[in-house]
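In our numbering, the protein residues as written are 1 to 258. By construction, the Cβ of each residue, glycine as well, lies at the ideal position given by its N, Cα and C atoms. These notes concern the structure reproduced below.
In structure tokens form, the structure reads like this:
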């Protein structure tokens with residue numbers, strides 16, 4: 001049997017350097033095309049978002065990132081506001097959402113939200129860092145709804161554990177915990193769905209880029225700190241052709257009672 005070819009140290013260093021140099025502002029993952037892939041959730045969040053936005057009069061999108069997902073809606077409401085807490089994303093979102101006539105508000109990563117009570121009939125969020133349920137309830141009008149696709153507990157844990165070893169999933173990312181928190185804030189849960197999605201990395205540059213962008217995967221990640229783990233994972237990808245992890249997502253939709 002022929003011996004498997006080994007990629008040189010130079011190739012490893014070049015790939016790591018490439019992944020470390022790519023800008024990570026916004027929430028656009030197109031740089032990963034051909035290097036990594038992730039299955040889409042079966043409920044089609046973008047289509048649900050477009051449908052809810054088309055029926056709204058005043059809408060708020062929380063943790064909008066660079067506004068890439070929100071920008072895909074074909075019919076914006078009369079009043080559309082988005083928030084973002086990470087400063088590099090704020091200007092990206094303002095450029096991205098200018099065509100929709102949306103206002104982008106820079107906020108702190110903690111409550112309160114800078115909006116009056118009952119200001120919106122729709123609040124949305126894709127992959128929020130935190131969901132401040134009492135604040136969602138406060139800014140929603142009676143009869144209004146909140147739609148969100150969230151990161152599930154233990155998402156891509158195979159990747160996290162390759163760097164930091166086993167660690168328990170965050171309870172706050174469990175769908176049943178989110179649903180209980182929503183109910184405690186006085187909201188009625190009308191939809192709750194979960195999905196496990198195959199996520200594939202085909203080179204170590206993709207891993208470096210992903211860890212720099214999705215910072216909660218390995219919270220203290222830097223190339224220098226984790227170079228030995230990167231090298232081991234690189235060698236595994238070279239031997240097996242890919243590294244497979246599993247993203248976990250849940251969809252939650254709630255309504256504020258009249």
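{"Item": "Go ahead and pull the three-state DSSP assignment for residue 6.", "Value": "Per-residue confidence for residue 6 stands at a pLDDT of 41, beneath the threshold of 50, marking its modelled position as unreliable; no derived number is given."}
{"Item": "So the candidates are 29, 42, 11; which of them puts its Cα closest to the Cα of residue 196?", "Value": "42"}
{"Item": "Between which two residues does the alpha helix (DSSP H) carrying residue 229 extend?", "Value": "227 to 240"}
{"Item": "If we require 4 or more residues per run, which alpha helix (DSSP H) segments fall completely within the segment 121 to 189?", "Value": "133 to 139, 157 to 164, 175 to 184"}
{"Item": "Please determine, among 36, 12, 85, 53, the residue with the shortest C-alpha to C-alpha distance to residue 245.", "Value": "36"}
{"Item": "Tell me, which residues are paired with residue 38 by DSSP?", "Value": "199"}
{"Item": "Rounded to the nearest angstrom, how far is the Cβ of residue 29 from that of residue 234, given a contact under 8 Å?", "Value": "So it is not a contact: roughly 20 Å between Cβ atoms."}
{"Item": "Apart from the five residues just before and just after residue 189, which ones in its own chain have a Cβ nearer than 8 Å to its Cβ?", "Value": "179, 182, 183, 252, 253, 254"}
{"Item": "List in chain order: all unbroken beta strand (DSSP E) runs of 3+ residues lying wholly within the segment 15 to 73.", "Value": "36 to 38, 58 to 61"}
{"Item": "Can you tell which of 73, 125, 142 has its C-alpha closest to the C-alpha of residue 258?", "Value": "142"}
{"Item": "Taking DSSP's pairing of strands, which residues face residue 194 in a bridge?", "Value": "250"}
{"Item": "Residue 1 by DSSP, collapsed to three states: which one?", "Value": "Bear in mind that the predicted position of residue 1 carries a pLDDT of just 29, short of 50, making it unreliable; the figure below should be weighed with that in mind. Residue state, collapsed to three classes: coil."}
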